[in-house]
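Top line first, the protein sequences correspond to chains A and B.
Residues in the first sequence are numbered consecutively from -7, following the numbering used here.
Residues in the second sequence are numbered consecutively from 12, following the numbering used here.
Don't be surprised by glycine CBs; every beta carbon is placed ideally from N, CA and C.
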Amino acid sequence: MDKEELKKAIYQLIEQSAGKKKYKQADVIKHFRQQGIPDAETKAAIRELIDAGDLIYTYFGGSYIELGEKRKGA
Amino acid sequence: MTKKYDTPLLDELEKGPFPSFVTEIKKAAAKNPMAADELGQLEKSMRDKVTYWKHGGIVGVRGYGGGVIGRYSQLADEFPGVAHFHTVRVNQPAGLFYTSETIRFICDLWDKYGSGLTNFHGSTGDMVLLGTVTDNLEPLATILSLNGFDLGGSGSAMRTPSCCVGPARCEWSMIDTLDITYDLTQEFQDELHRPQFPYKFKIKTVGCPVDCNASIARADLSIIGTWKGPIEIDQDRVRDYAKKGVNIQEEIVNFCPGKCITWDGNNLAINNSDCLHCMHCITKLAGALKPTPPFGAVILIGAKAPFVIGATLSWVIVPFMELKPPYQELKDMIRNMWDWWNEYGKNRERIGELIIRRGMREFLEVCGLEPTPEMVKEPRNDPFWFWKEEDLEKKPWEEFLK
């Protein structure tokens, strides 16, 4: 999976789980590790999604990754 | 600005002999509407015995997952000035040294972008700037960054590493706490700003076992300066202390946890091989006793405040580590710990709790550390290390009997 595909897959994972399950960064990394994606690649892809504002860090008793404001249209 | 709210309950808190935070909020309220409404909401909170703050949420600076703690008032209509009242953590300089110019810069900035209320320093070590609105966060972070500051840590991240003043102002310091803290802060930028752990992780460094920063109680990873050589004794100065009224037997010998000091009324003797390096005797007889090189640090793991299983102090995991730049051994060890914790830690489980759940043996294996006598939880009382069957065949204790 190339980086753009991976970013899209990560985004879809977060989007589809919105309102149902909150993912921590480690959860996302473990999820894609099961698909054979090296941890460092997932971490780098998350970083790009966060820097672009597609995803953001949120805090509710712990830190999670959720959809960014710009994609939610807020 | 005229007084906005009557605060009879808060006024009571100003009546003691010490400086009051209420007085300071009132001063800020005279020129800042956020501080004025903070005063009003606080009075109502005290009257109703209810906190009206919501904690956390979606608030931050682009690319950062830590450094801003979201605060929203549940009474935004009644107190609009505190509808948003976010806390900003600013990474403090190692040892908390500032020029007066720097402090003025921070205060002017906070008067402009926030409530004017600060908490120097928060318990996490950062400069804590209390109360600003969401729209001010990006410009604030940019200005801080342009002036050499960075946001601190919050959430499930490595928290801003902190340290004692170390060699800058203390004669006891055996490691360069300031350099270690700065170096670790630079090394672990990602872990500081991008929360990726099950929960918080704190690193505190102190220069000697006196532990002025209480790192043994407050840090997941405590780095405490220590020594390996014998304690040097100036017998004349010990006798001077005795002449001036120090009861050497009562105050030094009897207090020694290693039971390794003797005093015949004229000479002090220390059996250094039994010394537990608590430094009690050295600080009580300042100048008469002195630690000698090699200097390094003892590394401990696992302290935390009460939450899931109650308060815990750190355990020794490395009795002596030579700490010289670039501190690679320490950094590699920290990364190994984090990998293990990320793999097995439950949400909101500190590393010390994970060690208790899965066992110190597994933790030491993951970190590549050998068990040593210094890891005994209560010296001379209760070992917590359990040997495996294959260990017993190797007879590891024979090494310590040589």
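Alpha-carbon spacing of residue i relative to residue j, whole angstroms
| i | j | result |
| --- | --- | --- |
| T273(B) | A280(B) | 5 angstroms |
| H95(B) | A87(B) | 8 angstroms |
| G164(B) | H204(B) | 6 angstroms |
| A10(A) | A36(A) | 22 angstroms |
| P91(B) | L47(A) | 29 angstroms |
| F52(A) | G142(B) | 19 angstroms |
| F121(B) | E149(B) | In the sequence under discussion, the amino acid at residue 121(B) is Trp, which differs from the Phe named in the question. Computed Cα separation, rounded: 14 angstroms. |
| F160(B) | Y56(A) | 25 angstroms |
| G65(A) | Q4(A) | Bear in mind that the predicted position of G65(A) carries a pLDDT of just 38, short of 50, making it unreliable; the figure below should be weighed with that in mind. Those two C-alpha atoms are separated by around 16 angstroms. |
| A39(B) | C271(B) | 56 angstroms |
| K65(B) | I367(B) | 32 angstroms |
| G68(B) | T50(A) | 6 angstroms |
| P206(B) | G76(B) | 6 angstroms |
| P268(B) | H288(B) | 9 angstroms |
| R63(A) | L311(B) | Its pLDDT being 49, under 50, R63(A) is placed unreliably by the model, and the measurement read from it follows with that caveat. Approximately 44 angstroms, taken between the alpha carbons. |
| C223(B) | A316(B) | 17 angstroms |
| E(-4)(A) | M332(B) | 43 angstroms |
| E261(B) | C292(B) | 11 angstroms |
| I117(B) | G125(B) | 11 angstroms |
| T34(B) | W352(B) | 44 angstroms |
| K342(B) | S184(B) | 21 angstroms |
| M290(B) | A18(A) | 41 angstroms |
| C219(B) | T237(B) | 6 angstroms |
| Q103(B) | A179(B) | 16 angstroms |
| N347(B) | G363(B) | 15 angstroms |
Endpoints, the alpha helix (DSSP H) within which residue i is located
| i | result |
| --- | --- |
| H204(B) | 200 to 204 |
| W183(B) | Looking at the DSSP string, W183(B) is not in any alpha helix (DSSP H), and its letter there is neither H nor E. |
| L140(B) | Where L140(B) is concerned, there is no enclosing alpha helix (DSSP H), although the beta strand (DSSP E) it sits in stretches over 138 to 141. |
| E49(B) | 44 to 59 |
| E364(B) | 362 to 369 |
| Y3(A) | -5 to 9 |
| V257(B) | Looking at the DSSP string, V257(B) is not in any alpha helix (DSSP H), and its letter there is neither H nor E. |
| Q17(A) | 17 to 25 |
| F32(B) | 32 to 40 |
| D17(B) | Here D17(B) belongs to no alpha helix (DSSP H), and DSSP marks it neither H nor E. |
| A32(A) | 31 to 43 |
| S226(B) | 226 to 229 |
| E381(B) | Neither: E381(B) is in no alpha helix (DSSP H) and is coded neither H nor E. |
| E400(B) | 400 to 405 |
Cross-strand partners of residue i (DSSP beta bridge)
| i | result |
| --- | --- |
| A308(B) | G236(B), M332(B) |
| I114(B) | According to DSSP, I114(B) bridges with nothing at all. |
| S156(B) | Paired residue(s): none; S156(B) is not in a bridge. |
| F212(B) | M169(B) |
| W448(B) | It is not possible to answer for residue 448(B), since the shown part of chain B is limited to 12 through 413. |
| K315(B) | T323(B) |
| W274(B) | L279(B) |
| C174(B) | T216(B) |
| S55(A) | Y51(A) |
| E243(B) | K301(B) |
| L287(B) | Note: L287(B) sits in no beta bridge, so no partner. |
| V79(B) | V99(B) |
| L412(B) | Per DSSP, none; premise fails for L412(B). |
| L414(B) | The question about residue 414(B) has no answer here: the residues shown for chain B are numbered 12 through 413. |
Supposed close pair residue i, residue j - CB separation, criterion 8 angstroms
| i | j | result |
| --- | --- | --- |
| D194(B) | T171(B) | In fact, because the Cβ distance is near 14 angstroms, the residues do not count as touching under 8 angstroms. |
| V139(B) | R115(B) | Between R115(B) and V139(B) the Cβ distance is about 18 angstroms, and since that is not below 8 angstroms, they are no contact. |
| F208(B) | A168(B) | 6 angstroms |
| D31(A) | I21(A) | 5 angstroms |
| A162(B) | G78(B) | The amino acid at residue 162(B) is misidentified as Ala; the sequence shows Leu. With a Cβ gap of about 3 angstroms, L162(B) and G78(B) count as contacting. |
| R229(B) | K215(B) | 6 angstroms |
| E243(B) | K301(B) | 4 angstroms |
| V309(B) | I235(B) | 5 angstroms |
| G45(A) | R73(B) | 6 angstroms |
| P305(B) | G370(B) | So it is not a contact: roughly 32 angstroms between Cβ atoms. |
| K37(B) | L24(B) | Their Cβ separation, rounded to whole angstroms, is 11 angstroms, which puts K37(B) and L24(B) out of contact at 8 angstroms. |
Limits of the unbroken beta strand (DSSP E) element including residue i
| i | result |
| --- | --- |
| W64(B) | 64 to 66 |
| Y83(B) | 82 to 84 |
| I75(A) | The displayed coordinates of chain A run from -7 to 66. Any statement about residue 75(A) would go beyond what the structure contains. |
| L128(B) | 128 to 130 |
Any non-hydrogen atom of the ligand ATP within 7 angstroms of residue i CB
| i | result |
| --- | --- |
| D146(B) | The ligand ATP is absent from the structure shown, which contains no ligand whatsoever. |
Please name the residues in the segment 209 to 223 of chain B whose beta-carbon is closer than 8 angstroms to at least one beta-carbon of chain A, in chain order.
With the criterion set as a beta carbon lying under 8 angstroms from some beta carbon of chain A, the members of the segment 209 to 223 of chain B are P209, Y210, in sequence order.
Closer than 7 angstroms, Cβ to any Cβ of chain A: which residues of the segment 148 to 180 of chain B, in chain order?
Those would be G166, S167, A168, in chain order.
Between the segment 59 to 83 of chain B and chain A, which residues of the former have CB atoms less than 7 angstroms from a CB of the latter, in chain order?
Answer set for the segment 59 to 83 of chain B: G67, G68, I69, G71, R73, G74, G76, G81.
Check each residue of the segment 242 to 261 of chain B: if its Cβ is closer than 8 angstroms to any Cβ of chain A, include it; give the result in chain order.
So the list is empty, because no residue satisfies the distance condition.
Closer than 7 angstroms, Cβ to Cβ, to anything on chain A: give me those residues from the segment 340 to 359 of chain B, in chain order.
For the segment 340 to 359 of chain B, residues whose beta-carbon sits nearer than 7 angstroms to a beta-carbon of chain A comprise N353, N358, R359.
Contact set between the segment -1 to 17 of chain A and chain B, restricted to residues whose Cβ is under 7 angstroms from the partner:
Residues K16, Q17.
The segment 39 to 59 of chain A: positions lying closer than 8 angstroms to chain B by Cβ
Cβ contacts with chain B: R39, I42, D43, G45, I48, Y49, T50, Y51, F52, G53, G54, S55, E58.
Members of the segment 99 to 127 of chain B near chain A, C-beta cut-off 8 angstroms
Within the segment 99 to 127 of chain B, contact with chain A at the beta-carbon level (separation under 8 angstroms) is assigned to no residue.
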